[in-house]
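For the sequence shown, counting from 1, position 122 maps to 116 in the numbering used here; every step adds exactly one. Even glycine gets a Cβ: it sits at the ideal position worked out from N, Cα and C. Owing to the predicted nature of the structure, the values given are computational and were not obtained by experimental measurement.
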Amino acid sequence: MYRRPIFAANWKMNKGPSDTEAFAKSFLNKLTGRQTSDIVIAAPFISLAVLTEALRDGRGIEVAAQNCSQFDDGAYTGEISVKMLREILVRHVIIGHSERRSIFGETNAIINAKMIKARQVGLKLIFCIGETLEERNAGKLESILRSQITEGLEGITAHDLEDSVIAYEPVWAIGTGVTASAEQAQEAHAFVRSVITDLYGAEVSGKLRIQYGGSVKPNNAAELMACPDIDGALIGGASLDAQSFYDIIQNGSPS
Ligand code: PGA
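This is the structure we're talking about:
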């Protein structure tokens, strides 16, 4: 089954509106040829409107938020609703990133509530899962991934998944410079796909794109993307520089 790769930049808490505009200009200048992968950029909330405006040139790069509220509207100080994101033409939302789980206490149940809300307004999900080193060393890789997937996707339909991606990001590889080996990544991705097959059937799992995330760089993108179950990447640190994000996409995309 052919799956078009999808590369997403996750800028985390970097780049306000002016840096965002400068990045967009520089990145678009590089992106001249035909692209064989989908490209998404996840900027901080305050930079999203600038980014959608800067990317409105028809080259198809889509904008993502890095989080959303699980509530509709009302007395939730500091939160941003899915409707607000739609209003400024955001297309995707990252939900369940390990930093949201570990620093901001997001449980599988909260992540699930956010994903349900996001789907109600048609936002495409970038649903992140992944184990810590401790969990991996304790032999819990599969049980952790299975519970993150089953609890996170409760009530999410096969139709919802058509538009969405799962990002497998081993926590020990995020921002550390340690990448999972291609074998480790492929093994985890194949397992994630098998869980999706159990839950939704082979047709849905065969179409689902599963991104790898965790210290993806221009020099390891090709090897990772060559694995049969790896369909793109979620890139943190190396996406902050337009040249390096571009190089990852070029090196990891089919020719
Ligand atoms: P990294 O981050 O590429 O800096 O490791 C990936 C992520 O957290 O999505």
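Check	Outcome
Unbroken beta strand (DSSP E) run spanning residue 250, endpoints	This structure cannot settle anything about residue 250, because the visible part of the chain is limited to -5 through 249.
Cβ pair count under 8 Å reaching 3, the region 108 to 122 against the region 185 to 198	no
As assigned by DSSP and simplified to three states, the class of residue 47	helix
Sufficient close CB pairs (3 or more, under 8 Å) joining the region 21 to 28 to the region 57 to 75	no
For residue 245, the three-state DSSP class (helix, strand or coil)	helix
Separation of residue 108 from residue 89, as counted between CA atoms	7 Å
Given residue 122 as reference, the closest of 51, 164 and 41 once Cα atoms are compared	164
Alpha helix (DSSP H) segments (min. 4 residues) lying fully within the region 183 to 239	196 to 201 and 215 to 219
Residue 106 - partner residues in DSSP beta bridges	Bridge partners of residue 106: none, in fact.
Closest Cα partner of residue 232 within the set 68, 224, 219 and 214	214
By C-beta, the residues closer than 6 Å to any heavy atom of ligand 1, given in chain order	4, 163, 168, 169, 207, 208, 209, 210, 228, 229, 230, 231 and 232
DSSP beta-bridge partners of residue 21	According to DSSP, residue 21 bridges with nothing at all.
Residue 76 (DSSP reduced to helix, strand or coil)	helix
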